[in-house]
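S.K.:
There are 2 protein chains.
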Amino acid sequence: MEQAATRARINALTMIQGANSGHPAGAFSSIEILLTIYALANLTPENANDFNRDNIIISHGHVSAGAYAVLAEFGFIDINGAVKNFRRCHSAFQGHVVREVPGIDWSTGNLGQGLSAGVGYALAQRARNYDGRVYVFMGDGAQTKGQLAEARRVAVKENLKNITALIDFNEHQICGEIFDVMPCNIKALWEADGWEYLECDGHDFKDLFKTIFKAHKSEKPCVIACKTIMGKFGGVMENTSEYHGKAPGEKNYYDIIKMLGGDENLLNQVLEWRNKNLTPEYKGRDIKPITPVLKFGERFKYSPDTKTDNRSAFGKVLTQTGELNYQQPDKTPILVFDCDLAPSVMTANFKKSCPKNFIQCGIQEHSTATISGAAAAGGTLSIWADFGMFGLDEVYNQHRLSDINNAGNKVVLTHVGLDVGEDGSTHQCIDYVGLIRNMFGWKILVPADPNQTDQITRWMFKNPGCMCLAMGRSKIDVIPEFYDDAYEFEYGKAVKLRSGLDGAIFALGYMTQTALKAADELAKQNIFVSVYCVSCPLEIDLNALSDAVNTKFIMTLEDHNVNTGLASIIANGLVRNNLHAKKFKALGVNDYGLSGSSNEVRKCMGLSVEGVIENVNELLRG
Amino acid sequence: MEQAATRARINALTMIQGANSGHPAGAFSSIEILLTIYALANLTPENANDFNRDNIIISHGHVSAGAYAVLAEFGFIDINGAVKNFRRCHSAFQGHVVREVPGIDWSTGNLGQGLSAGVGYALAQRARNYDGRVYVFMGDGAQTKGQLAEARRVAVKENLKNITALIDFNEHQICGEIFDVMPCNIKALWEADGWEYLECDGHDFKDLFKTIFKAHKSEKPCVIACKTIMGKFGGVMENTSEYHGKAPGEKNYYDIIKMLGGDENLLNQVLEWRNKNLTPEYKGRDIKPITPVLKFGERFKYSPDTKTDNRSAFGKVLTQTGELNYQQPDKTPILVFDCDLAPSVMTANFKKSCPKNFIQCGIQEHSTATISGAAAAGGTLSIWADFGMFGLDEVYNQHRLSDINNAGNKVVLTHVGLDVGEDGSTHQCIDYVGLIRNMFGWKILVPADPNQTDQITRWMFKNPGCMCLAMGRSKIDVIPEFYDDAYEFEYGKAVKLRSGLDGAIFALGYMTQTALKAADELAKQNIFVSVYCVSCPLEIDLNALSDAVNTKFIMTLEDHNVNTGLASIIANGLVRNNLHAKKFKALGVNDYGLSGSSNEVRKCMGLSVEGVIENVNELLRG
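Keeping their order, the protein sequence lines are chains A and B. The numbering of the first sequence is my numbering, which starts it at 690 and goes up by one. The numbering of the second sequence is my numbering, which starts it at 690 and goes up by one.
1) Quick one: what does DSSP say Gly707 (chain A) is sitting in, helix, strand or coil?
2) Distance, Cα to Cα, Leu760 (chain B) vs Ser1001 (chain A)?
3) Using 8 Å as the limit for Cβ to Cβ distance, is Gln706 (chain B) near chain A?
4) Find the residues of chain A that neighbour Met1078 (chain B), judging by a C-beta separation of less than 8 Å, and give them in chain order.
5) Are the beta-carbon atoms of Leu812 (chain B) and Ile1048 (chain B) separated by less than 8 Å?
6) The ligand MN and Lys1241 (chain B): does the residue's C-beta get closer than 7 Å to at least one heavy atom of that ligand?
7) Between the stretch 772-792 of chain B and the stretch 1107-1116 of chain A, are three or more C-beta pairs nearer than 8 Å?
8) With Ser1056 (chain A) as the anchor, note down where its alpha helix (DSSP H) starts and where it stops.
9) For Gly1254 (chain B), which residues of its own chain have a beta-carbon under 6 Å away from its beta-carbon, when the five flanking residues on both sides are left out?
10) Can you pull the chain A residues whose beta carbon is under 9 Å from the beta carbon of Lys972 (chain B), in chain order?
11) Would you check if the stretch 903-921 of chain A and the stretch 903-913 of chain B touch, i.e. whether three or more CB-CB distances between them fall below 8 Å?
12) Listing by chain order, which chain B residues have their CB less than 9 Å from the CB of Leu878 (chain A)?
13) When you check each C-beta in the stretch 1103-1132 of chain A against every C-beta of chain B, which residues fall closer than 7 Å?
14) Would you say Arg776 (chain B) faces chain A, with C-beta separation under 8 Å as the test?
15) Helix or strand or just coil, what does DSSP make of Ser1219 (chain A)?
16) For chain B, check one thing: does any of its Cβ atoms lie closer than 8 Å to the Cβ of Asn1098 (chain A)?
17) Do we get a CB-CB distance below 8 Å when we pair Thr1253 (chain A) with the residues of chain B?
18) Can you find a C-beta in chain A that's less than 8 Å from the C-beta of Tyr943 (chain B)?
19) Compare the Cα-Cα distances from Tyr757 (chain A) to each of A:Arg963, A:Gly1011, A:His749 and A:Val786 and report the closest residue.
20) State yes or no: is the C-beta of Thr1245 (chain B) within less than 8 Å of the C-beta of Ala1275 (chain B)?
21) By the 8 Å beta-carbon criterion, what residues does the stretch 1271-1286 of chain A contribute toward chain B?
22) Going by C-alpha to C-alpha distance, which of A:Ala1065, A:Thr1115, A:Met926 and A:Ser1297 sits closest to Pro1321 (chain A)?
23) Where does the unbroken beta strand (DSSP E) through Phe858 (chain B) begin, and where does it stop?
24) Does Thr1069 (chain A) get closer than 8 Å to chain B when you measure Cβ to Cβ?
25) For Glu789 (chain A), does the count of other Cβ atoms within 10 angstroms reach 16, so buried, or fall short, so exposed?
26) Counting only beta-carbon separations shorter than 8 Å, does Glu1083 (chain B) have a partner in chain A?
27) Does the stretch 1035-1046 of chain B come close enough to the stretch 818-835 of chain B that 3 or more CB-CB pairs lie under 8 Å?
28) Identify which residue in A:Ile875, A:Ile1165 and A:Gln1016 has its Cα closest to the Cα of Cys1043 (chain A).
29) Identify, in the order they occur along the chain, each residue of the same chain with its Cβ nearer than 8 Å to the Cβ of Asn1261 (chain A), setting aside the five sequence neighbours on each side.
30) In chain B, which residues lie less than 8 Å from Lys1241 (chain A) when you measure between Cβ atoms?
31) Would you kindly work out how many angstroms separate the C-alpha atoms of Phe717 (chain B) and Ala754 (chain B), rounded to a whole number?
32) Any contact of the stretch 730-748 of chain B with the stretch 953-972 of chain B, i.e. 3+ C-beta pairs under 8 Å?
33) Give me the chain B residues within the contact set of Glu866 (chain A), using Cβ-Cβ distance strictly less than 9 Å, ordered along the chain.
34) Checking contacts by CB at 8 Å: is His1269 (chain A) closer than that to chain B?
35) What does DSSP give as the partner residue(s) for Val1278 (chain A) in the beta ladder?
36) Could you give the DSSP three-state label for Met1294 (chain B): helix, strand or coil?
Listed below in structure tokens is the structure:
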């Protein structure tokens, strides 16, 4: 093991000096801990692509050079590829560890999220009835991140004794010693949250093994503060914050390599290779989200004389599907996460029917976002339902990291748009399209009525990938066209519900109801407008757009920020496809919303039936 | 005081029943605590608009009905207006408390942010040399939010003994009793973070006063767990989670009002008034961000033969302005916040020159975002510099709440776009425009070179409002036009740096450098394109657009998500102004970025000089 540690240090340092970029000091302080974890865990090159094995999360992803060097020691990767192509475009060996490298279970880089990912994997193991372990390895500087504390509490509440957390306790971060930068009683905090706190020498293999075995036997989730020395065995890099994030420089490099007994020609070979500027061949493995295997029940049908809210329609499908698949060994487990809003987001019945698969995370959204992402990566259909503001705005970056991980989790947002009731601007999620558009993998689904919600929910459960289902709060009408047995939801298609050549209205999700009422009123005035229901706002339906530009105007209607949602996407679709609307009018939200009933708020903000009619008339007059 | 408490309960309940919406149980458990805080604090209707007074933050903003009732007892507002217009459109008395109501210092609603806001106000008081107090009142259910713990640590590190935190400890949250929803050792956690933890009876005025006086004398920041009963004196609402977020209903309302000895006609009067549906007259006070009063030094000038990075140019202005105004009583104090990145974000020299005004918050971005927002609201020029990913993506919702508060803080983002170096996708903030566009108040400033950075930084320091300055990492060229003495930065103007009729390139910030090089190369081929430098991407420069559509194509160039940044904004500008580009090409980022040197990454993603030239040629051929 000690020889492996030396080799790993030589390789890691050569990667970094070759790239002239990276994080050597943390890599050096982490080497023995990494070697020990990978030696102990049931995670091998052979089973790295299976679900039933242990999971390892490296939260401080910047120790990537150390991680790759250690992974090579265990045969996960070819060390030459890593040393030569570290931090090069198209190489798997990125600056922060990514799941594409076998042996890495979570792409990291944004600090403080790793323990949450570990909790997600542990919950997925449990849901799959697999009795494995999860190791989460962290730096000490980010022990202050609030999300970490949230994850600790979920682990204890869920009794995840199979998680072992390890801290590389080198007491250095970028701006100096950790207790100068931000004092933090790390031991007291872990213990206050109910963890067992152990200490060991993070450079002593015997002590590491012994302490981890002790942790395995603990009746609580256990954290090990591994006392280390920043830059250990790195000469000038030892015990200073200076080499946190930069290469040592050639002189220091050679001094350290000599000290470690490494091959002094290695660096030149690497530099020669890099100078050739060939595209790296090894891209790592392909990471795909799972396609859930589930039994589905009959659709619920809402006849045109019923009035219900979309979130209830979602809740019914969730409960039905939950019950049909609960604890069925050949089916994908469904995990549902809540942040103290189950009665409002309609997951309370699922909780009753499938209690072991319902995880109450309390008011801890950051951690819940990551936990639910990692639970999906761990082989479950992972669904987190929350108000739009908390389930998205509060946790954008956590969802972004799940997307980078191609985790495939589902986020169900209720109370989006102005359809929040009286809670006011802090609760109005009028930016869900505008936020999610920034991520490349997520799909958004915004149903227009309960029947469409039923279909879309089933579609979302069936299909792989990160998806967001967004719904308002209020009871709404059934749209007859979606009650029709012939209707089948098709992702990306704008559904034409009215035809007319006087104009075309594109409405986002449930705002379709307002557009339809306006269109029907206008028809009485002999004004005939087309109405398109847009339930998949991220996709441009070119057929619909090409059709719509032939009418006298295009109008967009959304209870969403008018600059970043449907109007913006349609405008982009027009310009990029060289289509010209004769006139264009964007009806949406132009400022933070008011506090009042949803109907009143929409009316005051120009988004009522009357508002649409008035604008149509103006467009046709003008 | 006890009579006041009864009146307040009657008024609060009537507000809620009148609106048929609100949070009665928490309002009832909070009443005595609210009355005590407002009785003790040096915050009165007379000084509520001044800086030099105590601050009160109500973190659990949903107890708004209780807060308004108590504010009326102290003469801040007219009780009739509040009772009649609670939760009505255009009324100041929103569902969650807002700063527009005198006596409220921070608009809240998203839980867990209040202590951070209190820390911000306390730091602002200290920076203004004012020796006041800050009271932060919170619910118990949100004690689990990670951001809260981050704020605790900053308070202790900064020795903010003048903060008194109070918890309405009623042990109920939406989904039940708090220790069932999410176990959390509240006392141990506050103590582990270095606070003094006191307890008292939250319905007993004597105990409340005594305990708060004790807290005032503490040598540490002090939190008081005020033991209360959910829904206290609310009959059926007592000691249950059921009435967390809904009106009691008429029958319960009258039972409770009778018990409290209230006027049984009150509700009818309110309902009659509400039925008239008149627009509420009282909108509250106008909340404006401060315009900093500062002395400025001479501009730094970077001649065309120098090469530096924009962040260094920012750092120089910051240090210069800091030194000129440090501890000058007639100048606005400048507070600079850091999250363990000072050497990279170029605030380390400010720290040396103005040590008392530099706040190291550690790796605790959520709290830092809110602290810096509230510090601005508290009368300082508050500047938080961080990497784009951590200073924006991680804390979007915190910035949104600062915007709703019209706080006027400045966020300086470095390492934005693909200009991060080798750190890879988790560190590439390619969505900063796309995120900030969702907020209505924020301005974005993206300088193209060091001279423009110098001017923009000064402009940002001088002007009121929330602003984000975004810069890359690399050393870049000086653009001669910005070195010219005649150049003056003008917010919203796209600067035309090359003229040509073959096409028009709009480039975002420092990507202008690439556009210029491409244009100069193209000129050698007798292809003449206009180049517009867009440093204020949220503003459409209609003159520039109208000019550009006369050329053969419009191209946008940004190292930003191509769907949500400059291309999207320009496309919107075209469509909404009925302008048609003959051709349109958007060059930007189409997927998560690679890990490599910034130049390599841009090249691999089609954003190099060659990439631009190739696309121009194709547009002109096609």
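From the three backbone atoms N, C-alpha and C, an ideal C-beta is built for every residue, glycine too.
M.R.: Reading off the structure:
1) helix
2) 38 Å
3) no
4) Asn799 and Asn1086
5) yes
6) The model depicted lacks the ligand MN and carries no ligand whatsoever.
7) yes
8) Glu1054 to Ala1066
9) Val1122, Gly1123 and Glu1247
10) What Lys972 (chain B) touches in chain A: nothing, since even the nearest Cβ is about 11 Å away.
11) no
12) Ala838, Ala877, Leu878, Ala881 and Asp882
13) Gly1110, Glu1111, Asp1112, Gly1113, Ser1114, Thr1115, His1116, Asp1120, Gly1123, Leu1124, Arg1126, Asn1127 and Phe1129
14) yes
15) strand
16) no
17) yes
18) no
19) A:Val786
20) yes
21) Lys1272, Phe1273, Ala1275, Asn1279, Asp1280, Tyr1281, Leu1283, Ser1284, Gly1285 and Ser1286
22) The structure shown does not extend to residue 1321 (chain A), since chain A is modelled only from 690 to 1311, so the question has no answer here.
23) Ile852 to Phe858
24) no
25) buried
26) yes
27) no
28) A:Gln1016
29) Ile1229
30) Going along chain B, no residue has its Cβ under 8 Å from Lys1241 (chain A), so there is no contact; the nearest lies around 13 Å.
31) 9 Å
32) no
33) Here the premise fails: no neighbours, minimum Cβ distance about 11 Å.
34) yes
35) A:Asn1250
36) coil
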